[in-house]
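A.B. asks: First, the structure itself, so that you have it in front of you.
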Amino acid sequence: MNVNKKMIAVLGFSAVIGLSAMTVMQPGQPRVDPPLQNIKVLSKKLTYRQVDHIMDEWAHSLGVRCNFCHAPNEQTKKMDFASDAKPEKEMAREMFKMTAEINKKYFKAEKDSLGMIMESGVNCYTCHNGKAHPEVVEAPAPPRRNGPPGGTPPAGGMPPPGGNPPTTPPAGTPPAGSTPAHSR
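Residue numbers (mature numbering (1 follows the signal peptide of the UniProt record, and there is no 0)): -21 to -1, 1 to 163.
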């Protein structure tokens, strides 16, 4: 009798494990992506996953996360991707249009089948290099050979094109202020 109870327990436990495994292995419902809302500069033909990939590239290029451009919904405490509450989102749209124009004008970039500018030329990372606000660096002043254009040379003048004038008189030249021997 004791063996029968053990056998029933083992069979019951095996049945539970077997049924659980079969349920897990059955194909589930396909994942339904949320609908895209408030898409203004990206192609409306893009899927949720494609837009998500583009947003990841932009975030990486600026070294930021989603909340840099997107505001949270106060009630749900989740990210409200459709909201235009943050000015950074509109700036991102303007920057996207700017890079598309640069690529089209200077790099002859064309659109692909989804209406996106094909990758060439410049992108967000070109200027941002992983920084949200790229540093504006002034180019160094170019070297001037003959003084500033249209102006007078600085005090003391500029050295001649061949270099600095010699500071020591050539050999055989009497020191300044002395009279030559033949004129005494």
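Just so you know, even glycine gets a beta-carbon here, dropped at the ideal spot from N, CA and C.
1) Cβ atoms of Ser(-2) and Leu93: under 7 Å apart, would you say?
2) Apply the 10 Å Cβ neighbour rule to Leu41 and answer buried if 16 or more other Cβ atoms are within range, or exposed otherwise.
3) Using CA coordinates, which residue listed in Lys90, Glu73, Arg123 is at the minimum distance from Cys103?
4) Report buried or exposed for His39, applying the criterion of at least 16 other Cβ atoms within 10 angstroms of its Cβ.
5) What did DSSP end up calling Lys76 once you bin it into helix, strand or coil?
6) Quick one: measure Cβ to Cβ for Phe86 and Glu67, integer angstroms, because I've assumed they're closer than 8 Å.
7) Does DSSP classify Pro51 as helix, strand or coil?
C.D. replies: Judging by the given coordinates:
1) no
2) buried
3) Glu73
4) exposed
5) helix
6) 26 Å between Cβ atoms; not a contact.
7) strand
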